[in-house]
Amino acid sequence: MTRIIVFFLTIFILAFLTVWLADNPGVVSIDFKSYKIDTSFAVLTGFTTLLIALSGGLVWLIGYLRRETPILGSNSAVKRQTRGLKLLNQSLVALSAGDHRLATKLISQAEVLLPPQPMVHLIAAEAASRSGNRNEAKSRYKELEKTEDGKLIGIRGLLGEARTNGQHSEALRLARIAFQENRKSPWVLKTLFALEISAGNWAEAEIALDKVAKEKLLDKSTVDRHKGAIIYARAMESSLQGDSSNAQKEFKQALKLRPEFAPAAVGLANIELKNGQKTKAEKLILKAWEIAPRPSLLTLFKDIDPHESKDDWRIRVQKLSARNPNNELSIQATAGASFDAGQVSEARELIDKTIKGKRSSDTVRLALNIWRAQGETLTELEKELALATPVSTWRCEDCNNTEETWSILCNSCNGFDTFIWQDTAKGNPVYPIKNEDRAIALISDL
814 MTRIIVFFLT IFILAFLTVW LADNPGVVSI DFKSYKIDTS FAVLTGFTTL
864 LIALSGGLVW LIGYLRRETP ILGSNSAVKR QTRGLKLLNQ SLVALSAGDH
914 RLATKLISQA EVLLPPQPMV HLIAAEAASR SGNRNEAKSR YKELEKTEDG
964 KLIGIRGLLG EARTNGQHSE ALRLARIAFQ ENRKSPWVLK TLFALEISAG
1014 NWAEAEIALD KVAKEKLLDK STVDRHKGAI IYARAMESSL QGDSSNAQKE
1064 FKQALKLRPE FAPAAVGLAN IELKNGQKTK AEKLILKAWE IAPRPSLLTL
1114 FKDIDPHESK DDWRIRVQKL SARNPNNELS IQATAGASFD AGQVSEAREL
1164 IDKTIKGKRS SDTVRLALNI WRAQGETLTE LEKELALATP VSTWRCEDCN
1214 NTEETWSILC NSCNGFDTFI WQDTAKGNPV YPIKNEDRAI ALISDL
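Terminal number for the sequence shown in the numbering used here: 1259, no gaps in between.
This is the structure we're talking about:
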C-alpha cells in the first residue's frame, strides 16, 4: 500500500512540475565565445533530463556488454565456473562409486572450466591412483604440493606412492617435511614414527616422540607406551649385535615404562638365562606373570629346565599359576601339566573352574583330552569347540590384523605400536591393572 501511495505521489509531483514549467517557461540565454543560445528554462530542463537519460542508458549498455559478451563477459566466466563446479561434484560422485574412468573424464573437463584449485588435482590424483596410473598420480600430487592449501595433502599422496613403490628413503624424507608442516597431525606422527623405526633410526624416533610429548599432543600413558616400544626395539637390536649388557639396561627401561609388556620381560629373562642366572630369570617370569600372563612367558618358563620330569614341571607350573590363579592361561597351563603327569582327576578339577562357552579353543581341546581319558561323552565339548575362538593373540588397533607375537610395526597396515593383547575368548582387549608397586617389584633385584 505504501509503495502505491509513493508511486502516485511521484507521478503527481512530476505532472505538477511539468504544468508549472509550461505555464512559466522562463528565458535562458547562454553566451560562449561567438555562440549565443536563447531558449526557455523548460526546454533546457527537458534537454538536461534527456541527456541524463541517454548517459544512464549508455552506462547500462556498457555494463551489459561487459557482463554478457560471449567468452570475455563476466557472466560467461560465472556460468563457466558453475558448469565446472557441477562437473567437479559429478567427478567426486563417480570416484566414490568406483568409476575411475568417468571420474578422470569429468575432472579433466572441470579443470578446463575452473581456475587452478587443489580439489581438481586431488580428485585427479586419486582417480589415477585407483586406476593404477602411478605416474599421473605422482604428477598430480606434485602439483597439489605446490599449492598453499593442498601442500600437506600433496606430500601425503607422494609419501603413499613412495611407500607403495618401496622407496623408503624418499618416504622418510617426505614424512619429515610433513612433520615440519603440521606437528599436530596424528597421521604425520604415526607415519613418521613408523618410518623412522622401519629405518632403525631409534634416536630420531625418540626425539620426535619427545617433541610430541612436550607439545602435549598425546597423553602421558600413550607417550610412555610408545617410548617403551622404541626402547624395546633398541634393546632387541643390541641383543642381536651381541651387546647383552646394553640390551639388559634397555629391557629394564622398557619395563619401567610398560610393566605389563611381556616381550620386554621375555627379552630380559633370556639374557639372564644366557648369563646362567636361572633363578633371576625364573623370578622375573613369575613377577611378569603376576601382572599379565602370556604364552611367551610360559614357553620361556619351560625352557629354564627343558630336561625336568613331568612331575617337576607340574610343580613348577603350579608355582607360576599361583601368581595369577584366576587367569584362564594359568588354569590351562596347570591342568595341561597335571594331565601330562598322569593326574587326570586333578586336571579335570582345574578345567571345571573355567566357564563353559567363554573359554578358548585351546582350553576346550585340553578338556576333550581329559574327558576322553576318563571315558566321558564328548558331544557337548565338540559343540563348544566348534564355536570357541582361538587362543588369545596380539591385535592391531588400526586394521584388526592379528599376530601370535608382538611387533613394533603391523605387517598389514604398517601402523606403529598398534598391537594390544586381545583376549579372543572374551572378544575384548585386555588392559592389565597397572600398579606402581608391581612395576617396581618387577625390575628390582635385577
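For glycine and all other residues, C-beta sits at the position ideal for the given N, C-alpha and C.
Do you know how far the Cα of K959 is from the Cα of R996?
19 Å
How many angstroms separate the CA atom of K1003 from the CA atom of K1123?
47 Å
In DSSP terms, what K849 is bridged to
D844
Under DSSP, the beta strand (DSSP E) around T1206 begins and ends at which residues?
T1206 to C1209
Do you know whose CA, among G970, C1209 and R1178, lies nearest E949's CA?
G970
According to DSSP, simplified to helix, strand and coil, what is F821?
helix
Grab the span of the alpha helix (DSSP H) containing M814 for me, first residue to last.
It is not in any alpha helix (DSSP H) - M814 carries neither H nor E in the DSSP assignment.
Quick check on T831: does DSSP put it in helix, strand or coil?
helix
Under 7 Å between the Cβ atoms of V1130 and A1150?
yes
Less than 7 Å between C-beta atoms, sequence neighbours within five positions excluded: which residues of the same chain meet that for T852?
V841
Taking the C-alpha atoms as reference points, what is the distance between L1022 and A938?
32 Å
Is the beta carbon of A794 less than 7 Å from the beta carbon of S1109?
Nothing can be reported for residue 794, as the shown portion of the chain is limited to 814 through 1259.
Given a threshold of 16 other Cβ atoms within 10 Å of its Cβ, counted over all protein chains shown, does A1238 qualify as buried or as exposed?
Note that A1238 scores a pLDDT of 48, beneath 50, so its modelled location is shaky and nothing firm can be said.
In this structure, how does DSSP classify L1028 when only helix, strand and coil are distinguished?
Residue 1028 is actually Glu in this sequence, not Leu. Coil at E1028, not helix or strand.
With a threshold of 6 Å on Cβ separation, who are the neighbours of S1057 within its own chain once the five nearest residues in sequence on each side are excluded?
I1084
Using a Cβ distance threshold of 8 Å, determine whether the stretch 855-870 contacts the stretch 899-907, with at least three qualifying pairs required.
no
Per the DSSP calculation, F1229 is bridged to which residue(s)?
L1222
Measure the C-alpha to C-alpha separation of K964 and L957 and round it to an integer number of angstroms.
6 Å
For a minimum of 4 consecutive residues, which ranges assigned as the alpha helix (DSSP H) are wholly contained in the stretch 959-1035?
964-977, 981-994, 999-1011 and 1015-1027
Identify the residues that DSSP records as bridge partners of E1216: which are they?
W1207
Buried versus exposed, by CB contacts within 10 Å (16 or more), W1000
exposed
Determine the closest residue to K1024 out of G1013, S1011, K1040 and L972, with distance taken between C-alpha atoms.
K1040
Which residue marks the beginning of the alpha helix (DSSP H) containing P929, and which one marks its end?
Element bounds for P929: n/a, residue is neither H nor E.
Contact under 7 Å by Cβ, L1005 with A1026:
no
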